[in-house]
Amino acid sequence: MIRDEGREENGGFLPAGAPSLERASEEAEAKSEEGPLARFAKGVRAFVTSNFLLVAISTGISLAVLYPAPGIYAQSKIGLARYCTFGIFFVSGIALDLEELRRAASSWPAFLYGSISTLAITPLMALLVRRLPLLPRELPTGLALFCCMPATITAGISLARAAGANTALALGLTVVTNTVGILTMPLLLSRLVPASGGVSVPAGPLLRGLVTTLLVPLFIGMAVRRAIPAVARWADQRKQQLSMANNAMLSFVPWMQVSSARAAILRLDMTQLLPIAAAGITVHLSFLALNMGVMAALRKITPPLPTHEANAVDRAVIILSSQKTLPVAATVVEKIGTLMGEPALVLLPCILTHFLQIFIDSLLVNKWLNDDREHTTNDGKIAKRVA
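Listed below in structure tokens is the structure:
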């Protein structure tokens, strides 16, 4: 026990940096004075903050079903979707710390595989998904489209950080797959995902639309961050708020799409939604199994790393290369219009699978953390025996 300088509570002995008994008593008293309503409000606030995207999209879809007129007006008269898309990628550019990308270079074999897996291997699942005998046809088409997307923009990095993964590598995979994916995705969609009536998605117009809608605002945001150091400091201090702003703008897209297609969506029942949800789960588990297997093989042929560093690299690739991004999918659906059918129905399996993959990976991260704690405990016991 360390003597806490200048404090005599508890006989003068307290852990360094520990709060005084008086202050602890005051905090406990203040907490006890909180009424049930205040505690409930605090719990609700914590839940909303932790699950903001889920809350925002659920709220938007609920409003669209109950009262679709504002969403229809925002889409047809204002064209709100293009402003939201610009805002999402502009904010992403401002929040992007390029210094972290340099730290990903040391893990180049894993980085190379993760990029190839995301951009070229996992999209091949669309060939199987599009043949699923499900109705309406927009549901398997939407899931096939989702398979062709790059890595998640925010959720994957958040989960990687929680798992103790190599966050520089995770960030590098996000930036590269989203940047390069915008260039390669139109070709993939034109080859792998059939449009309505068997017509191919036009790669050229889609590429031009994605470059101007996604890459341009991303690069503008990056340029602003680089040119104005105060903006970079401001963004680094407000990562959670910027993430919530992005998620709020993202939620406007399904709100407008569902408002416009309310009648078609209300005709769906659980016998149609459950199979596509099961298909989305199967797709994501397949991606996880593939990436886990390849990363285990890479460990055997690349220079050995300490266990915790190897785990950090593996986890970054497994999470980022198995997840697909919803904002880019929403933008593609908005750009394609009715070419693949009713846009809201095409987007529905993308939204569903997005939340399912986050839920599954949250369980995986929890398992990894439990394994880490168990190994730490076992190592401690072994050290005591040796001592």
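Numbering (our numbering), first residue to last: 2 to 388. Virtual Cβ for every residue (Gly too), placed ideally from N, Cα, C. Remember, it's a predicted structure, so these values are computed and weren't measured experimentally.
For residue j and residue i, the rounded distance between their alpha carbons
i	j	result
Leu133	Pro350	13 angstroms
Ala264	Thr272	17 angstroms
Ala166	Pro307	14 angstroms
Gly18	Gly36	Here Gly18 scores only 41 on pLDDT, less than 50, and its place in the model should not be relied on; the value that follows carries that caveat. Cα to Cα, Gly18 sits roughly 30 angstroms from Gly36.
Thr123	Ala156	18 angstroms
Arg46	Ala204	44 angstroms
Val217	Met296	34 angstroms
Val66	Ile73	11 angstroms
Ala75	Ala331	16 angstroms
Val334	Arg227	32 angstroms
Asp373	Ile277	34 angstroms
Ile302	Leu170	19 angstroms
Val284	Met257	27 angstroms
Gly210	Asn367	39 angstroms
Asn248	Ala57	7 angstroms
Gln241	Gly342	36 angstroms
Ile3	Thr377	Confidence is the limiting factor: at Ile3 the pLDDT is only 41, short of 50, which leaves the residue's position unreliable, though a coordinate-based value still follows. Taking the straight line from one Cα to the other gives about 26 angstroms.
Phe90	Ile62	22 angstroms
Residue nearest to residue i in terms of C-alpha spacing, selected from the options
i	options	result
Asp362	Leu306, Val347, Asn371, Leu289	Leu289
Thr142	Thr378, Asn371, Pro344, His376	Pro344
Met250	Phe53, Lys43, Ser107, Leu38	Phe53
Ile95	Asp237, Pro276, Trp369	Asp237
Val318	Leu267, Ser108, Asp373, Phe91	Ser108
Val194	Leu172, Ala233, Thr178, Cys148	Cys148
Leu140	Gly281, Asp315, Pro305, Ala152	Gly281
Leu437	Met245, Gly294, Ser261	Nothing can be reported for residue 437: it is not among the residues displayed for the chain, which extend from 2 to 388.
Leu370	Ala298, Leu125, Ala164, Ala145	Ala164
Ile359	Ala145, Leu172, Leu125, Ser51	Ser51
Pro69	Ser261, Pro305, His285	Ser261
Pro230	Asp98, Phe91, Ala121, Ile266	Asp98
Val347	Pro137, Gly182, Ala121, Gly88	Pro137
Ala145	Ser159, Ile158, Leu129	Leu129
Alpha helix (DSSP H) segment containing residue i, residue limits
i	result
Pro305	Element bounds for Pro305: n/a, residue is neither H nor E.
Ile122	Neither: Ile122 is in no alpha helix (DSSP H) and is coded neither H nor E.
Ile79	Taken as a continuous stretch (DSSP letters only), Ile79 belongs to no alpha helix (DSSP H), as it is neither H nor E.
Ala42	37-51
Arg263	263-267
Glu139	139-148
Ala163	156-163
Arg72	According to the sequence shown, residue 72 is Gly rather than Arg. Residues 70-74.
Below-8 angstroms beta-carbon distance, residue i vs any chain D residue
i	result
Leu190	Looking at the structure shown, chain D is missing, and only one protein chain is on hand.
Residue i CB to nearest heavy atom of the ligand ZN below 7 angstroms
i	result
Met296	With respect to small molecules bound, the structure shown includes none, and the ligand ZN cannot be examined in it.
Discussion item. Suppose only complete runs of 4+ residues qualify. What are the alpha helix (DSSP H) ranges in the segment 175-251, listed by chain order?
Written reply: 204-211, 217-228, 230-238
Worksheet entry | Residue ranges of each alpha helix (DSSP H) within the segment 286-339, 4 or longer | If we require 4 residues or more, the alpha helix (DSSP H) runs fully inside the segment 286-339 come out as 308-323, 327-337.
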